[in-house]
Amino acid sequence: MKNGTNEYVQEENGRRILRMKASGEQEQKKNYDGGYQNVLTRYNTKNDSSTAYTYSAEGPVSDLELTEQYMENGLFATIIDEPAEEAVKHGYDFGLNDPDIEEFISDELDRLDWEETAATAIKWARLYGGAVIVMLVDDGCDLDEPLDWESVEEIEELLVYERAVVEPDRSSLYACNPEKVKSRGSRFRNPEFYYVNSQYGQFRVHESRCLIFRNGKLPETGFYSSYQFFGIPEHLRIQHALRETVLSHSFSVRMLERCVQAVHKMKNLSNILLTTDGQDKVLQRMELIDLARSILSSIVIDSEEEYDFKSMPLSGVKDIIDSTCNMLSAVTHIPQTILFGRSPAGENSTGESDMENYYNYVGKIQKMMLKKNLRMLLDLIFECGRKNGDIKEIPAYKVGFVPLWSLSEEEQANVDAVRATTEQTKAATAQIYVDMQALDVSEVREGLKRSEEFTINDLISEEDDLDIAGLLGIDAPREETVTEQAQNSGEDDLDKQIIMGDKTKAPCTRNASTDIHKDGDLRGTGVGILVIKDGKLLIGDRTDGMGICGPGGHIEPGEGPEDAARRETMEEFSIDLNELIPIGYLDKDVMPDGFCPAYFYLCTEYGGEPYSGGDEIQNARFVSLEEVQESSSIFPPFGLSIDVLKNILNFGGGRRDG
Numbered sequence: 001m002k003n004g005t006n007e008y009v010q011e012e013n014g015r016r017i018l019r020m021k022a023s024g025e026q027e028q029k030k031n032y033d034g035g036y037q038n039v040l041t042r043y044n045t046k047n048d049s050s051t052a053y054t055y056s057a058e059g060p061v062s063d064l065e066l067t068e069q070y071m072e073n074g075l076f077a078t079i080i081d082e083p084a085e086e087a088v089k090h091g092y093d094f095g096l097n098d099p100d101i102e103e104f105i106s107d108e109l110d111r112l113d114w115e116e117t118a119a120t121a122i123k124w125a126r127l128y129g130g131a132v133i134v135m136l137v138d139d140g141c142d143l144d145e146p147l148d149w150e151s152v153e154e155i156e157e158l159l160v161y162e163r164a165v166v167e168p169d170r171s172s173l174y175a176c177n178p179e180k181v182k183s184r185g186s187r188f189r190n191p192e193f194y195y196v197n198s199q200y201g202q203f204r205v206h207e208s209r210c211l212i213f214r215n216g217k218l219p220e221t222g223f224y225s226s227y228q229f230f231g232i233p234e235h236l237r238i239q240h241a242l243r244e245t246v247l248s249h250s251f252s253v254r255m256l257e258r259c260v261q262a263v264h265k266m267k268n269l270s271n272i273l274l275t276t277d278g279q280d281k282v283l284q285r286m287e288l289i290d291l292a293r294s295i296l297s298s299i300v301i302d303s304e305e306e307y308d309f310k311s312m313p314l315s316g317v318k319d320i321i322d323s324t325c326n327m328l329s330a331v332t333h334i335p336q337t338i339l340f341g342r343s344p345a346g347e348n349s350t351g352e353s354d355m356e357n358y359y360n361y362v363g364k365i366q367k368m369m370l371k372k373n374l375r376m377l378l379d380l381i382f383e384c385g386r387k388n389g390d391i392k393e394i395p396a397y398k399v400g401f402v403p404l405w406s407l408s409e410e411e412q413a414n415v416d417a418v419r420a421t422t423e424q425t426k427a428a429t430a431q432i433y434v435d436m437q438a439l440d441v442s443e444v445r446e447g448l449k450r451s452e453e454f455t456i457n458d459l460i461s462e463e464d465d466l467d468i469a470g471l472l473g474i475d476a477p478r479e480e481t482v483t484e485q486a487q488n489s490g491e492d493d494l495d496k497q498i499i500m501g502d503k504t505k506a507p508c509t510r511n512a513s514t515d516i517h518k519d520g521d522l523r524g525t526g527v528g529i530l531v532i533k534d535g536k537l538l539i540g541d542r543t544d545g546m547g548i549c550g551p552g553g554h555i556e557p558g559e560g561p562e563d564a565a566r567r568e569t570m571e572e573f574s575i576d577l578n579e580l581i582p583i584g585y586l587d588k589d590v591m592p593d594g595f596c597p598a599y600f601y602l603c604t605e606y607g608g609e610p611y612s613g614g615d616e617i618q619n620a621r622f623v624s625l626e627e628v629q630e631s632s633s634i635f636p637p638f639g640l641s642i643d644v645l646k647n648i649l650n651f652g653g654g655r656r657d658g
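All residue numbers for the sequence shown refer to UniProt numbering, where the first residue is 1 and numbers rise by one.
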């Protein structure tokens with residue numbers, strides 16, 4: 001292992017120089033005998049000047065020069081600011097139907113001045129390559145200590161620092177993914193601490209208290225080691241096009257000054273210049289003529305003298321300026337209508353394609369810089385709101401963005417008309433299914449209650465016809481009516497059943513409308529997954545001696561149940577789950593003492609081959625349901641998930657709503 005990243009980069013750069021030198025020596029010995037050659041014009045020979053071009057990287061730009069460019073170059077400042085401001089000004093869509101929660105989020109984001117703070121962070125990330133927002137959170141810990149999610153009380157302030165004043169602690173790189181921050185993604189090879197060297201104070205802060213904004217990523221073999229943990233400044237990518245654009249406009253103004261050249265013919269000019277004071281006399285004569293021309297708009301010359309003007313053509317200058325502007329627009333992804341205030345050029349040109357490309361670029365900025373950071377901030381806001389009583393429980397939400405494209409009144413009217421026609425078609429289709437008794441009125445009503453927009457496929461999914469008994473290789477029980485179940489089970493059991501139409505579903509201890517697919521903070525809750533293949537269940541032996549079990553574990557902060565199910569299965573059995581089918585939820589009153597409430601899922605399709613050789617599970621294998629039931633030692637939550645599956649089989653629906 002090298003002592004540090006800088007030493008590694010220096011060594012790689014040295015090797016690269018040696019390789020370049022060796023390739024240069026081989027180039028001199030190269031025999032140009034491939035393809036067409038022309039000895040007279042030197043085409044494709046060793047003397048061909050067109051093959052002498054090589055790329056040489058420019059040195060890094062100092063942070064001071066970047067700051068000066070941003071302060072003094074208006075065009076460069078526009079390139080930095082416009083995408084950042086566009087990314088935050090349209091607002092967000094969190095998929096919430098509760099106006100009180102939406103108002104709470106809006107008030108908190110306004111209190112923290114999130115729009116201005118996020119826009120500034122994106123600007124600094126584009127200008128310097130990266131930026132850090134330090135969250136001042138009241139959790140009873142210092143800035144250099146990990147954020148204590150269990151003790152957070154309030155987010156006091158958000159402070160933005162550019163990469164120029166932030167130094168990653170290279171000695172604290174994570175060698176593995178820490179348990180406490182798994183929900184935020186992998187932290188491997190990222191620093192645990194950052195040093196902030198601001199003019200207002202210096203301090204060290206833990207990465208869990210930071211929102212990191214990166215302007216892309218760099219390969220490890222790059223020259224710019226100071227950008228490795230953040231990104232590259234936009235100026236490095238656009239500096240050539242920016243310089244040519246600015247200079248082309250500047251030179252065009254100078255050409256206007258020199259496009260008309262005065263020519264003064266004097267008799268015996270050569271003889272006059274040979275005299276002692278000849279040069280002074282000629283200059284005095286020229287100054288006198290220019291002075292008279294500028295004041296009196298007329299000149300007086302000798303009968304043998306001539307005074308004329310020669311004009312220089314300016315044709316083609318506009319095309320050169322346009323080409324430099326096009327190149328700058330290409331490398332910045334900003335259309336000229338925004339960058340230069342020009343209207344679209346060309347016949348029937350509307351500029352819609354340029355704006356669409358620009359909005360796609362801004363959308364990428366939103367996803368790469370804003371989405372993850374905003375999600376973590378919202379998790380903290382909801383946690384503080386729950387602790388302070390501002391909200392009753394942490395809602396399930398999903399971070400989205402309001403579309404960037406604003407429709408005109410005519411376009412919006414056409415969209416509304418198409419949407420109304422679509423809804424009418426949906427309603428007619430639903431009526432047909434109800435008339436043929438494929439759907440019940442209550443199911444249609446439930447679909448409308450969940451969302452104003454619904455599709456028939458949402459009401460009739462593959463889960464409706466899922467033959468779980470067939471997957472396990474056993475005969476499905478006869479489907480009983482509601483009356484028969486009431487007679488066989490008693491009224492108490494019937495009260496626990498979910499009745500829709502003329503079918504009765506399996507018992508469920510949680511409201512079927514619980515949204516378990518959205519992101520949310522469900523700490524203190526677990527998941528269990530039953531993976532079925534060829535009529536057998538995937539199990540393994542727990543290393544703690546608590547018997548056999550399938551995939552499962554706790555939901556980490558910021559995760560949804562499905563996310564936790566996929567992560568736990570990958571960690572314990574090394575397979576990637578495809579579709580997950582929810583089969584039930586058991587709350588704390590039903591679970592054994594010492595175990596948290598849990599969601600249970602069924603999966604029949606996955607990627608990879610099961611393998612368990614970790615610290616938690618050993619000896620992964622598929623066994624039949626009978627072998628599991630005959631086992632003398634079963635992990636209690638896994639046994640309960642089997643009971644949930646048996647309940648579904650006993651009630652015969654093979655379908656689970658919730």
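Where is the CB? At the ideal position from N, CA and C, for every residue including glycine.
With DSSP collapsed to three states, give me the class of residue i.
i           : result
Gln431      : helix
Phe230      : coil
Asp110      : helix
Ile575      : coil
Arg656      : No answer about Arg656 holds up, because its pLDDT of 39 lies below 50 and its placement is not dependable.
Asp138      : strand
Asn268      : coil
Ser250      : helix
Gly95       : coil
Cys325      : helix
Asn38       : strand
Asn619      : strand
Ser208      : helix
Asp440      : coil
residue 661 : Here the chain has residues from 1 to 658 only, and residue 661 is not among them.
His554      : strand
Glu287      : helix
Assuming contact is defined by CB atoms lying nearer than 8 Å, are residue i and residue j in contact in what I supplied?
i      : j      : result
Leu109 : Leu158 : no
Val531 : Gly550 : yes
Tyr194 : Val132 : yes
Val137 : Leu380 : yes
Tyr358 : His333 : yes
Thr324 : Thr425 : no
Phe76  : Leu242 : yes
Gly552 : Ser633 : no
Glu305 : Lys265 : yes
Alpha carbon to alpha carbon, what distance is there between residue j and residue i?
i           : j      : result
Thr412      : Glu167 : Reading the sequence as shown, one finds Gln at residue 412 and not Thr. Answer to the nearest angstrom: the Cα atoms are 49 Å apart.
Arg293      : Phe251 : 26 Å
Glu172      : Glu207 : Residue identity check: residue 172 is Ser in the sequence provided, not Glu. Rounded to whole angstroms, Ser172 to Glu207 spans 11 Å at the Cα level.
Tyr174      : Lys588 : 36 Å
Asp563      : Ala396 : 13 Å
Phe104      : Val331 : 40 Å
Phe188      : Ser248 : 47 Å
Phe229      : Asp139 : 27 Å
residue 706 : Asp290 : In the structure as shown, the chain begins at 1 and stops at 658. Residue 706 is therefore absent and cannot be evaluated.
Glu12       : Gly594 : 54 Å
Ala87       : Glu409 : 23 Å
Ala445      : Val418 : The sequence shown places Arg at residue 445, rather than the Ala named in the question. Their Cα atoms are separated by approximately 23 Å.
Pro507      : Leu640 : Reliability of the predicted coordinates at Pro507 is poor, the pLDDT of 38 falling under 50, and the value obtained from them is presented with this limitation in mind. The alpha-carbon atoms of Pro507 and Leu640 are separated by roughly 13 Å.
So, for residue i: in the same chain, excluding its five sequence neighbours on each side, which residues have a beta-carbon less than 6 Å away from its beta-carbon?
i           : result
residue 666 : This structure leaves residue 666 out entirely; the chain is present only between 1 and 658.
Ile617      : Gly540, Glu572
Ile301      : Tyr307
Ser631      : Ile548
Tyr361      : His333
Report all residues from its chain with a CB closer than 7 Å to the CB of residue i; omit the five preceding and five following residues, and keep chain order.
i           : result
residue 691 : Residue coverage of the chain in this structure runs from 1 to 658, which leaves residue 691 outside it and unanswerable.
Val165      : Val196, Asn197, Ser198
Under 8 Å by Cβ, that's how I've got residue i and residue j pegged, so tell me the actual separation to the nearest angstrom.
i           : j      : result
Met591      : Pro597 : 6 Å
residue 720 : Ile575 : Because the chain in this structure spans residues 1 to 658, residue 720 falls outside the shown range and cannot be described.
Ala565      : Leu586 : With a Cβ gap of about 15 Å, Ala565 and Leu586 do not count as contacting.
Quick one: what's got a C-beta closer than 8 Å to residue i's C-beta in the same chain, skipping five residues either side?
i      : result
Phe309 : Val260, Gln261, Ala262, Val263
Glu145 : His206
Tyr36  : Tyr43, Asn44
Asp169 : Pro191, Glu192, Phe193, Tyr194, Tyr195, Arg204
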